[in-house]
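Below: one structure, written as structure tokens.
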Amino acid sequence: MTGIDFIKFIDIASGKISTIEFFCNHLESKRVICCPKCKSKNYYIMTKGYLRCVDCKSDYNPFKDTWLSTVKIDHVKWLVLIKLFDLGISARQSAREASISYPTALHVFDCI
């Protein structure tokens, strides 16, 4: 996330869908996101944050068993916390900024 300027960050973090697209693109650069049932790589993003397979119409969570599933917070808050970590903001201050508990922010920082 270091290479993202602040204006682009605001565009990405402005909505849940754009944030999920960002994380999916990041995960696709590391591993392939595919349907757990039919192994198709064709999907679209649902409003609840799940992906739906174009071929078999099954819904699945692309972030299952990844570092994004270790803490149950909104994807936008994940992105904000990553950027705050990148800027060198402490976990305590980040917790205040993201309106989450300090232990949760600390756990997120440990994951990053």
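Every letter in the sequence shown is one number past the one before it in numbering that gives the first Met the number 0, and letter 102, counting from 1, is 101.
Built from N, CA and C at the ideal position, the CB exists for glycine as well.
Residues in its own chain within less than 7 Å of residue i by CB, not counting five upstream and five downstream?
i	result
C37	C52, D54 and C55
Using DSSP with H/G/I as helix, E/B as strand and the rest coil, what is residue i?
i	result
D10	helix
L26	helix
I16	helix
C33	coil
S93	helix
M0	Here the model assigns M0 a pLDDT of 49, short of 50, so the residue's position is not dependable, and the following value carries that caveat. Residue state, collapsed to three classes: coil.
Residue i and residue j look like a contact to me (Cβ under 8 Å); what is the Cβ gap, rounded to whole Å?
i	j	result
F21	F62	Incorrect: roughly 12 Å between the Cβ atoms, too far for contact.
Going by Cα to Cα distance, which pick from the options is closest to residue i?
i	options	result
K47	L105, Q92, K15 and H25	K15
T116	L78, I11 and V70	Look at the range of the chain in this structure, 0 to 111, and you will see that residue 116 is not part of it.
D10	Y59, I99 and V75	V75
F8	L50, L80 and R91	L80
Taking only runs of the beta strand (DSSP E) that begin and end inside the region 32-90, which ones reach a length of at least 3 residues, in chain order? 42-44 and 50-52
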